[in-house]
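Here this note's numbering = 1-based position in the sequence shown + 2.
For glycine and all other residues, C-beta sits at the position ideal for the given N, C-alpha and C.
As structure tokens, the structure follows; a few thoughts come after it.
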Amino acid sequence: MTDSNTQTTLQDLPGEILNQVAGHLSATSFSALRLTSKSIEANTYQNFIDRNFKHLSLELDVPNMQYVLSKLRSSNVASQVQTITFKPTSAEGLTQNPSSSIGQQVHKANEIHALLKEILGLLLSLMKVEICGSTTLAQALRVLEVITVPGLTSISIWSSRTPANSFHNVLIRHKESLRSMTLHQVLCTNPSWSPTLALIMNELNLDTLAMSELWSNDPRETEVGFLSLVERRKNRAMRDPVMRKF
């Protein structure tokens, strides 16, 4: 408590309170707060490390990926990242540049593929992958099809244009480790989705499955399959007292 004539500034606050305040700020606002004084920067250091280095947001464009890769190589950040979010680039959804030849587009796609393989190969503690945007999703799945992320337990997708075959291959490759999945706005009207839905419902050892705005040829079939999955998880949880709650 302070008297009415005393004004408390941010740098006067205990580190515990500062970090509680920081928890309500965006990453940008939090970074700006840390620049206001050396004491605030010091008091929020661990919060900054935990918040910014355990979660990596990445746009799949070549210059940005080259920058991120250089930072991962030159520090211990790579060993701390547990979640990676692939964000749509500012150009996603726009028509391809007509002056860009097919060869140039293929070269760029191959360059992104190689960079992403190298980035994921450095993230030894990675547990969760989040992907937004159709073009970004296709690029990310193309890499996750051919490399195994040993500790990958969770995958979340937000896209109405999820390539079923590619996604199916990713699930097969990470079948043993996956425990959680979120599918949002995934369009399953193509018959090619049937094997993937069957894989999700019957073969993956998931603890949690969240599906919203999921469209298929037969919504009732998807609903029945989902309810069956829930029931199986409940039964397994009752048999195993240490099983995580569904």
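Residue i, DSSP secondary structure in three states
i, result
"residue 76", "coil"
"residue 161", "coil"
"residue 67", "helix"
"residue 183", "strand"
"residue 56", "coil"
"residue 208", "coil"
"residue 177", "coil"
Rounded C-alpha distance that separates residue i from residue j
i, j, result
"residue 80", "residue 203", "33 Å"
"residue 173", "residue 180", "8 Å"
"residue 55", "residue 197", "37 Å"
"residue 214", "residue 115", "29 Å"
"residue 113", "residue 104", "14 Å"
"residue 78", "residue 178", "28 Å"
"residue 76", "residue 124", "11 Å"
"residue 128", "residue 82", "8 Å"
Same chain only: Cβ atoms within 6 Å of residue i, ignoring 5 sequence neighbours per side
i, result
"residue 132", "87, 158"
"residue 61", "89, 91"
"residue 163", "136"
"residue 57", "85"
Residue i classed as buried or exposed, judged by whether at least 16 other C-beta atoms fall within 10 angstroms
i, result
"residue 64", "exposed"
"residue 176", "buried"
"residue 109", "exposed"
"residue 72", "exposed"
"residue 68", "exposed"
"residue 21", "buried"
"residue 126", "exposed"
"residue 130", "buried"
"residue 240", "At residue 240 the pLDDT is 47, less than 50, meaning the model places this residue with poor confidence and gives no usable figure here."
Nonlocal neighbours in the same chain, by C-beta distance under 7 Å from residue i, ignoring five residues either side
i, result
"residue 18", "none"
"residue 165", "140, 143"
"residue 182", "155, 156, 208, 209, 210"
"residue 167", "194"
"residue 187", "160, 161, 162, 215"
Contacting residues, own chain, Cβ-Cβ under 8 Å from residue i (five flanking each side not counted)
i, result
"residue 120", "71"
"residue 150", "175, 176"
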